[in-house]
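From first to last, the protein sequence lines stand for chains A, B and C.
Using my numbering, read the first sequence as starting at 1 and increasing by one per residue.
Using my numbering, read the second sequence as starting at 195 and increasing by one per residue.
Using my numbering, read the third sequence as starting at 389 and increasing by one per residue.
Think of the CB as a built atom: it goes at the ideal place given N, C-alpha and C, for glycine as much as any other residue.
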Amino acid sequence: MTPLARLIEAALFSAARPLTVEELGALDPDATTADVRVALEQVREHYDFEQHGIELVELAGGHQILTRAVHAAAIERAQFSVRAPKLTAAALETLAVIAYRQPVGRAEIEEIRGVSAGGVLRSLQERGLIEVVGRSEALGRPLLYGTAAAFLELLGLRDLADLPRADELTIALRPHHPEPEGADDAAAYVEAES
Amino acid sequence: MTPLARLIEAALFSAARPLTVEELGALDPDATTADVRVALEQVREHYDFEQHGIELVELAGGHQILTRAVHAAAIERAQFSVRAPKLTAAALETLAVIAYRQPVGRAEIEEIRGVSAGGVLRSLQERGLIEVVGRSEALGRPLLYGTAAAFLELLGLRDLADLPRADELTIALRPHHPEPEGADDAAAYVEAES
Amino acid sequence: MVVRDAPTTTLGAGPGFVVRLDAFSGPLDLLLHLLREEQLEISDIPIARIADQFLQAIGELGLNQAADYLDMASRLVRLKAQMLLPRRTDDEGWEDPRAELVRRLLEYQQIREIAIWLGRASERRAAQFARGYLPPPPVLPPPPLALDLLEMLRAIERVIAAIPSPVLHRVVARPLDVEQATRRIEGLLDERAEIGWLEALGERHSIVEVLSTLLALLELARRGVLRLTQHDPFSPMRILRDTTRPAH
Numbered sequence: 001m002t003p004l005a006r007l008i009e010a011a012l013f014s015a016a017r018p019l020t021v022e023e024l025g026a027l028d029p030d031a032t033t034a035d036v037r038v039a040l041e042q043v044r045e046h047y048d049f050e051q052h053g054i055e056l057v058e059l060a061g062g063h064q065i066l067t068r069a070v071h072a073a074a075i076e077r078a079q080f081s082v083r084a085p086k087l088t089a090a091a092l093e094t095l096a097v098i099a100y101r102q103p104v105g106r107a108e109i110e111e112i113r114g115v116s117a118g119g120v121l122r123s124l125q126e127r128g129l130i131e132v133v134g135r136s137e138a139l140g141r142p143l144l145y146g147t148a149a150a151f152l153e154l155l156g157l158r159d160l161a162d163l164p165r166a167d168e169l170t171i172a173l174r175p176h177h178p179e180p181e182g183a184d185d186a187a188a189y190v191e192a193e194s
Numbered sequence: 195m196t197p198l199a200r201l202i203e204a205a206l207f208s209a210a211r212p213l214t215v216e217e218l219g220a221l222d223p224d225a226t227t228a229d230v231r232v233a234l235e236q237v238r239e240h241y242d243f244e245q246h247g248i249e250l251v252e253l254a255g256g257h258q259i260l261t262r263a264v265h266a267a268a269i270e271r272a273q274f275s276v277r278a279p280k281l282t283a284a285a286l287e288t289l290a291v292i293a294y295r296q297p298v299g300r301a302e303i304e305e306i307r308g309v310s311a312g313g314v315l316r317s318l319q320e321r322g323l324i325e326v327v328g329r330s331e332a333l334g335r336p337l338l339y340g341t342a343a344a345f346l347e348l349l350g351l352r353d354l355a356d357l358p359r360a361d362e363l364t365i366a367l368r369p370h371h372p373e374p375e376g377a378d379d380a381a382a383y384v385e386a387e388s
Numbered sequence: 389m390v391v392r393d394a395p396t397t398t399l400g401a402g403p404g405f406v407v408r409l410d411a412f413s414g415p416l417d418l419l420l421h422l423l424r425e426e427q428l429e430i431s432d433i434p435i436a437r438i439a440d441q442f443l444q445a446i447g448e449l450g451l452n453q454a455a456d457y458l459d460m461a462s463r464l465v466r467l468k469a470q471m472l473l474p475r476r477t478d479d480e481g482w483e484d485p486r487a488e489l490v491r492r493l494l495e496y497q498q499i500r501e502i503a504i505w506l507g508r509a510s511e512r513r514a515a516q517f518a519r520g521y522l523p524p525p526p527v528l529p530p531p532p533l534a535l536d537l538l539e540m541l542r543a544i545e546r547v548i549a550a551i552p553s554p555v556l557h558r559v560v561a562r563p564l565d566v567e568q569a570t571r572r573i574e575g576l577l578d579e580r581a582e583i584g585w586l587e588a589l590g591e592r593h594s595i596v597e598v599l600s601t602l603l604a605l606l607e608l609a610r611r612g613v614l615r616l617t618q619h620d621p622f623s624p625m626r627i628l629r630d631t632t633r634p635a636h
């Protein structure tokens, strides 16, 4: 490994969170952004080529060293580490609405999910998965929510663009304020309910 | 690396403390103590031979992967582990009063916030967010505070006019009505001026 | 959990019918489940049948305490009535009363699909561990302060709200604002399980405010969102979050 790659490896180890290329650049005043990228690539390739038990992953806008998924079961069995608890359906659905509709207010989330959202919004906020990103101009100036940094970290995504695109979903994403759907189809089913 | 060495590397990486040879044996029921020792040696030699930024050290009766000491200074300088501190709610509210009412005295700040403001004012002053801008003409001639340059810098505002006007906030700001300033402090300063 | 054991039992199967109460994440989820069980198209819901099954299901699932489910139940019953209204077969201006429900179901189904995707992504990520050992942070001079404009603005609003404003007294007779009082009470109950009458009343105690709050409390109590209690006769009223509501 080159000296810069060694330094970057050490820094990624000691931070234990994703570090951006800019942050890593602060390690060496002489290193350009391009130098940092080359060094990161060297570390990544080394881990892969030499078949390390760890790998360099790109997530949440930065780079982080993580253990390979294949070792998770053995590590958990030996009780050295435990997996993060799964998110509840309510939390996942709320995150889904916020991720695709942000900035979005509580009323819209509740309208889409059909249930009140106060508790789940609070706990997502406490876990740093969502944050208040502004206020709506609507009456009462309700708070608007968006996803926060920990959201990408928890899901292992590089950025929001990693989320499935609308056309990749089996049910196509619909416009933000959809027209009442199915009005045209209705005539075909006039007899359905009698 | 051998499969056992990979697994041991992942386990050592994910554990929060040094792991003993016996503990590491729990990772693979088929591995003997001797196998674990051989794998540990392989990991150690690999880190040394390939000039990694990390090393496998033996301490507290166990084994742990640590960053090499030579990188410590650069990593400390980059301050990855420290997040920027945030102001408390009390400090933010005091700052808010000063931003909108400046120049303003301690008594008025305390009247609005309903709590004593001495400590908060001192720490805001130490951080360079507020400064003494004069003295009131009121009895006791109390100090008047205003925001300092660092306040605008931190908020990314060009000047105070960039702060939202009162009527843009949810509740209209009361028109400034100069009350006898420092009435509470008065007793202490009876002799001060005449 | 999104990936969960789908309740496969047929509703109305009689005694011995057991379903986890948390099996459904809301009334739309339950509705989708019923449609799937009956292999029905979302775009053509036989409202009368589904409304009956929904009512039966929330009874059997013990969900009839939950306001969200009752709200949906009343919508379905209303839809059922609308569908029964006579109309001419050549009526071109006729709008299907089910359109809004269909739209919401499709939208919710899509959110469910995304939620499942997110759940899988988080499980993949959870199988990879970050470094467990965190070296003690170095002792260094504190880094520059982080000051956030939004935080600052919220502090400003808190301060302004605390200032007794004479401007408010000039406001001419306002109609009762039960909606705002409802939102305020619900917001308070989201944070704490129990609040006092004075807290529910908010900052300003005008006649209008008192009446609005009182009406909001009675309405919320009727809907089962909260319970009103007094420890002793004439003692201050306590407002309790109805704990029989399901957690979300």
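Nearest to residue i by CA position, among the options, is which residue?
i	options	result
Val43 (chain A)	A:Asp30, A:Glu23, A:Ile65	A:Ile65
Pro434 (chain C)	C:Leu494, C:Arg486, C:Asp459, C:Ile446	C:Arg486
Thr147 (chain A)	C:Ile583, C:Gln497, C:Leu506, C:Ala604	C:Leu506
Gly590 (chain C)	C:Ala569, C:Asp630, C:Leu603, C:Ala455	C:Ala569
Ala149 (chain A)	A:Met1, A:Val132, A:Arg101	A:Val132
Gly134 (chain A)	A:Ala34, A:Gln102, A:Asp159	A:Gln102
Thr601 (chain C)	C:Arg491, C:Trp585, C:Leu614, C:Ala445	C:Trp585
Asp578 (chain C)	A:Ser136, A:Gly156, A:Ser123	A:Ser123
Ile8 (chain A)	B:Ile324, B:Asp356, B:Glu270, B:Ile303	B:Glu270
Ile502 (chain C)	A:Val70, A:Leu139, A:Leu160	A:Leu160
Arg542 (chain C)	B:Gly256, B:Leu289, B:Ala209, B:Arg352	B:Leu289
Ala74 (chain A)	B:Leu351, B:Asp356, B:Ala209	B:Ala209
Leu129 (chain A)	A:Leu4, A:Glu111, A:Gly156	A:Gly156
Trp482 (chain C)	C:Ala581, C:Val490, C:Met471	C:Met471
Using a Cβ-Cβ distance under 8 Å, would residue i count as near chain B?
i	result
Gly590 (chain C)	no
Ala543 (chain C)	yes
Gly53 (chain A)	yes
Tyr457 (chain C)	no
Ala561 (chain C)	Legend: pLDDT at Ala561 (chain C) = 47, less than 50; position of this residue unreliable, value from coordinates given subsequently. Not one chain B Cβ lies under 8 Å of Ala561 (chain C).
Arg44 (chain A)	no
Against chain A, does residue i count as a neighbour if the rule is that its beta carbon must be under 8 Å from one of theirs?
i	result
Met625 (chain C)	no
Phe207 (chain B)	yes
Thr282 (chain B)	no
Pro524 (chain C)	no
Gly584 (chain C)	no
Using 8 Å as the limit for Cβ to Cβ distance, is residue i near chain C?
i	result
Tyr241 (chain B)	no
Ser136 (chain A)	no
Tyr339 (chain B)	no
Gln64 (chain A)	yes
Leu173 (chain A)	Summary for Leu173 (chain A): the model assigns pLDDT 44, below 50, so the residue's position carries little reliability; its value from the coordinates is reported in the next sentence. At least one chain C Cβ lies under 8 Å of Leu173 (chain A).
Ala290 (chain B)	yes
Ala72 (chain A)	yes
Report all residues from its chain with a CB closer than 7 Å to the CB of residue i; omit the five preceding and five following residues, and keep chain order.
i	result
Val298 (chain B)	Val291, Ile292, Leu338, Tyr339
Glu153 (chain A)	Pro18, Leu59, Ala60
Ala90 (chain A)	Val120
Glu587 (chain C)	Leu576
Arg231 (chain B)	Val215
In chain order, what residues of the same chain lie with their CB nearer than 8 Å to the CB of residue i, ignoring the 5 residues before and after it?
i	result
Ile54 (chain A)	Tyr47, Ile65, Leu66, Thr67, Arg68
Arg300 (chain B)	Ala311, Gly312, Leu315, Pro336, Leu337, Tyr339, Gly376, Asp379
Thr196 (chain B)	Ala233, Gln236
With residue i as the anchor, note down where its alpha helix (DSSP H) starts and where it stops.
i	result
Arg113 (chain A)	106 to 113
Gly25 (chain A)	21 to 25
Glu501 (chain C)	487 to 514
Tyr457 (chain C)	455 to 472
Phe442 (chain C)	435 to 448
Excluding sequence positions up to five away, which residues of its chain have a Cβ less than 6 Å from the Cβ of residue i?
i	result
Ala183 (chain A)	Only weak support is given to the placement of Ala183 (chain A): the predicted model assigns it a pLDDT of 37, under 50, and the value that follows is read from those uncertain coordinates. Nothing meets the Cβ criterion.
Ala205 (chain B)	Leu221
Glu93 (chain A)	Arg113
Leu493 (chain C)	Ile430
Tyr294 (chain B)	none
Asp565 (chain C)	Ser600
At which residues does the beta strand (DSSP E) containing residue i begin and terminate?
i	result
Thr240 (chain B)	Sequence check: residue 240 (chain B) is His here, not Thr. That residue, His240 (chain B), is in no beta strand (DSSP E); its alpha helix (DSSP H) goes 227 to 243.
Leu628 (chain C)	625 to 629
Ile130 (chain A)	130 to 135
Gly340 (chain B)	337 to 341
Ranges of the alpha helix (DSSP H) found wholly within the region 569 to 614 of chain C, counting only runs of at least 4: 585 to 589, 595 to 610
Sequence ranges, alpha helix (DSSP H) only - wholly within the region 45 to 92 of chain A, length at least 4: 72 to 77
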